[in-house]
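> What the sequence shown shows, in our numbering, is residues 55 to 305, in sequence order. Each residue gets a CB set at the ideal place from its N, CA and C atoms; glycine is no exception.
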Amino acid sequence: SIFKNAAAGLPSFISSIPPSTEAILWVTDFLCSFMNKENTWDDTIYLSVIQYLRSYSLVSASAENELSIHPLVHDWARSYLVDDKNPNYISLLLSLAVEYSYWVEESHYAYYTYHMRKLLPHVQEVQHHDKNMHQYTMQCFAQVYSDNGIYKNSEELYAAVVEINKQMLGQEHPDTLVSMGSLALTYVNQGRWSEAEKLQIIVSEASKQVFGEEHPSTLTSMANLASMYCNQGRWLEAEELQAIVLKTRKQ
Numbered sequence: 055s056i057f058k059n060a061a062a063g064l065p066s067f068i069s070s071i072p073p074s075t076e077a078i079l080w081v082t083d084f085l086c087s088f089m090n091k092e093n094t095w096d097d098t099i100y101l102s103v104i105q106y107l108r109s110y111s112l113v114s115a116s117a118e119n120e121l122s123i124h125p126l127v128h129d130w131a132r133s134y135l136v137d138d139k140n141p142n143y144i145s146l147l148l149s150l151a152v153e154y155s156y157w158v159e160e161s162h163y164a165y166y167t168y169h170m171r172k173l174l175p176h177v178q179e180v181q182h183h184d185k186n187m188h189q190y191t192m193q194c195f196a197q198v199y200s201d202n203g204i205y206k207n208s209e210e211l212y213a214a215v216v217e218i219n220k221q222m223l224g225q226e227h228p229d230t231l232v233s234m235g236s237l238a239l240t241y242v243n244q245g246r247w248s249e250a251e252k253l254q255i256i257v258s259e260a261s262k263q264v265f266g267e268e269h270p271s272t273l274t275s276m277a278n279l280a281s282m283y284c285n286q287g288r289w290l291e292a293e294e295l296q297a298i299v300l301k302t303r304k305q
């Protein structure tokens, strides 16, 4: 499912991929090896490759048809095939799978949570080896940690993304505001209401200046702030802000 989702996400999310030509070519070439002439995923090709590997006992399948690599093969691969570039390539592949699941499968909660759980051990392993992680990958990996309830890891990655975006893009750039909003929600998930509120206020005010008061991004940031007030029992403030959001959306 990781390879299949990454392949499905490649055409749509190519603009989000960091501008590392070598990494893009590697991932594209790898995923295309499992595609047919119409450039869509072909289960037959994939299964034939898996069957070939199984014939040499390099991989095995559980009763639930989940694949695992032989421990000796895994150790050999980590010792001899991992260099400075490979973890970055694999990070990009995983990021594509994460982003595809987030944008396409989130409405199907069962599928989404299943894939996020399956991605977690791979994300943890690759993060350990990828010492030059791009902020695109950091953000995708942070989402996996958040969806698995590992909020501290998510916070660390989102905080790093915020600082990188501030330095490279500026504090009021849309990407910076999105990453700040994600960090604020990570504080919420840890019950750190004061920190979350302060950061969300900054995001809301900056969104008004950058996008305008009626822009969907601005309204979303205001709704998130109203939700924070509500969770703290500040009903009047939450009601007033949410009323503004609802009135504006109706218009």
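Opposite PHE99 in the DSSP bridges: which residues?
Working through the sequence shown from its first residue, we reach residue 99 at position 45. Correcting the residue type first, residue 99 is Ile in the shown sequence and not Phe. Answer is none; ILE99 lacks a bridge partner.
> Bridge partners of MET192, per DSSP?
Taking the first residue of the sequence shown as 1, we reach residue 192 at position 138. MET192 pairs with nothing; no bridge assigned.
> Which runs of the alpha helix (DSSP H) spanning at least 4 residues fall entirely within the stretch 256-286, listed in chain order?
Fully enclosed alpha helix (DSSP H) runs of 4 or longer: 270-285.
> If you check the beta carbons only, do GLU251 and MET282 fall under 9 Å apart?
Against the sequence shown, residue 251 aligns to sequence position 197. Against the sequence shown, residue 282 aligns to sequence position 228. In contact: GLU251 and MET282 (Cβ atoms closer than 9 Å).
> Tell me, to the nearest whole angstrom, how far the beta carbon of ALA60 is from that of TYR154; I am working on the premise that it is less than 8 Å.
Locating residue 60 in the sequence shown gives position 6, where the first residue counts as 1. Locating residue 154 in the sequence shown gives position 100, where the first residue counts as 1. Indeed, because the Cβ distance is near 7 Å, the residues count as touching under 8 Å.
> Around the Cβ of LEU239, are there at least 16 other Cβ atoms within 10 angstroms (buried) or fewer (exposed)?
As a first step, residue 239 is located in the sequence shown; it is residue number 185 there, counting from the start. LEU239 should be labelled buried.
> What do you get for HIS188, buried or exposed, if any count of 16 or more other CB atoms within 10 angstroms of its CB means buried?
The residue labelled residue 188 in the question sits at position 134 within the sequence shown. Buried, because 16 or more other Cβ atoms sit within 10 Å of the Cβ of HIS188.
> Under the three-state reduction of DSSP, which class applies to ILE204: helix, strand or coil?
Numbered from 1 along the sequence shown, position 150 holds the residue referred to as residue 204. Coil.
> To the nearest angstrom, how far is the alpha carbon of LEU85 from that of LEU150?
Taking the first residue of the sequence shown as 1, we reach residue 85 at position 31. Taking the first residue of the sequence shown as 1, we reach residue 150 at position 96. About 11 Å.
> When we look at the beta-carbon of TYR163 and count the other beta-carbons within 10 Å, is it buried (16 or more) or exposed?
Start at 1 with the first residue of the sequence shown, and residue 163 comes out as number 109. Classification for TYR163: exposed.
> Just to confirm, are ASP201 and MET170 a CB contact at a threshold of 9 Å?
Start at 1 with the first residue of the sequence shown, and residue 201 comes out as number 147. Start at 1 with the first residue of the sequence shown, and residue 170 comes out as number 116. Going by C-beta atoms, ASP201 is nearer than 9 Å to MET170.
> For LEU121, list the residues DSSP reports as bridge partners.
Within the sequence shown, the letter at position 67 stands for residue 121. LEU121 is bridged to ALA115.
> For the alpha helix (DSSP H) that contains LYS91, what are its first and last residues?
In the sequence shown, counting from the first residue as 1, residue 91 sits at position 37. Where LYS91 is concerned, there is no enclosing alpha helix (DSSP H), given that its DSSP letter is neither H nor E.
> Nearest-angstrom Cα distance between SER208 and LEU147?
Locating residue 208 in the sequence shown gives position 154, counting from the first residue. Locating residue 147 in the sequence shown gives position 93, counting from the first residue. Going from the Cα of SER208 to the Cα of LEU147 covers about 19 Å.
> Pairs of beta-carbons, one from the stretch 255-266 and one from the stretch 214-221, closer than 8 Å: are there three or more?
Cβ pair count under 8 Å is below three, so no.
> Using a 10 Å radius around the Cβ and a threshold of 16 neighbouring Cβ atoms, would you call TYR199 buried or exposed?
Translated into positions along the sequence shown, residue 199 becomes position 145. It is buried - the Cβ of TYR199 has at least 16 other Cβ atoms within 10 Å.
> Rounded to a whole number of angstroms, what is the C-alpha to C-alpha distance between TYR190 and ASN243?
As a first step, residue 190 is located in the sequence shown; it is residue number 136 there, counting from the start. As a first step, residue 243 is located in the sequence shown; it is residue number 189 there, counting from the start. Distance between the alpha carbons of TYR190 and ASN243: 22 Å.
> Identify the continuous alpha helix (DSSP H) that holds GLU294 and give its terminal residues.
Indexing the sequence shown from 1 puts residue 294 at position 240. Looking at the DSSP string, the run of the alpha helix (DSSP H) that includes GLU294 is 289-304.
> If we ignore side chains and look at the alpha-carbon of each, how far apart do GLU267 and LEU64 end up?
As a first step, residue 267 is located in the sequence shown; it is residue number 213 there, counting from the start. As a first step, residue 64 is located in the sequence shown; it is residue number 10 there, counting from the start. C-alpha separation (whole angstroms): 34 Å.
> Taking all protein chains shown into account, do 16 or more other C-beta atoms lie within 10 angstroms of the C-beta of LEU237, making it buried, or fewer, making it exposed?
Here residue 237 corresponds to residue number 183 of the sequence shown, with the count starting at 1. Its Cβ being crowded by 16 or more others within 10 Å, LEU237 is buried.
> Measuring straight from C-alpha to C-alpha, what distance separates ALA115 and MET192?
As a first step, residue 115 must be located in the sequence shown, where it is residue number 61. As a first step, residue 192 must be located in the sequence shown, where it is residue number 138. So the two alpha carbons sit approximately 31 Å from each other.
> Look at the alpha carbon of ARG288 and the alpha carbon of LEU253, and state the distance between them as a whole number of angstroms.
Within the sequence shown, the letter at position 234 stands for residue 288. Within the sequence shown, the letter at position 199 stands for residue 253. Roughly 17 Å between the two C-alpha positions.
> May I have the straight-line CA-CA distance separating VAL127 from MET89, to the nearest angstrom?
Taking the first residue of the sequence shown as 1, we reach residue 127 at position 73. Taking the first residue of the sequence shown as 1, we reach residue 89 at position 35. Going from the Cα of VAL127 to the Cα of MET89 covers about 26 Å.
> State buried or exposed for ASP184, treating a residue as buried only when at least 16 other CB atoms are found within 10 Å of its CB.
On the sequence shown, residue 184 is found 130 positions in, with the first residue counted as 1. Result: buried.
> Helix or strand or just coil, what does DSSP make of HIS227?
Translated into the one-based positions of the sequence shown, residue 227 becomes position 173. In the structure shown, HIS227 sits in coil (DSSP, three-state: anything other than H, G, I, E or B).
> Does SER275 pass the burial test, meaning 16 or more other C-beta atoms within 10 Å, or should it be called exposed?
Sequence index remark: in the sequence shown, residue 275 carries index 221 (1-based). Flag for SER275 reads buried.
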